[in-house]
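For reference, the structure discussed in these notes is given below.
In this note's numbering, the protein residues as written are 1 to 83.
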């Protein structure tokens, strides 16, 4: 299996956020999860999806600091680089 690119990861994250009820047109790196009406349960589901699909583990303590879509993508990118 080839490594996922960040563009692929970002597209999948956007798809997931949309499935949680966020409007695709509102999703951007600067969008806060609060503004998107994404709650902590959704973030845990997103973390599990990222682990299952990309092998990147996001810890609970990381989620506490995640406020925007960009924050989440930055953590994923850092973990992908460390793998």
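Ideal placement from N, C-alpha and C gives every residue a C-beta, glycine not left out.
query, result
"Beta-carbon contacts of residue 10 that lie in its chain and below 8 Å, excluding the five residues immediately before and after", "73"
"Candidates 16, 36 and 6: closest to residue 84 by CA position", "The question about residue 84 has no answer here: the residues shown for the chain are numbered 1 through 83."
"Per-residue DSSP class, three states only, for residue 2", "A caution first: residue 2 carries a pLDDT of 47, below 50, which makes its placement in the model unreliable, though a value can still be read off. Here residue 2 sits in coil by DSSP."
"From 77, 16, 24 and 61, residue whose alpha carbon lies closest to that of residue 55", "77"
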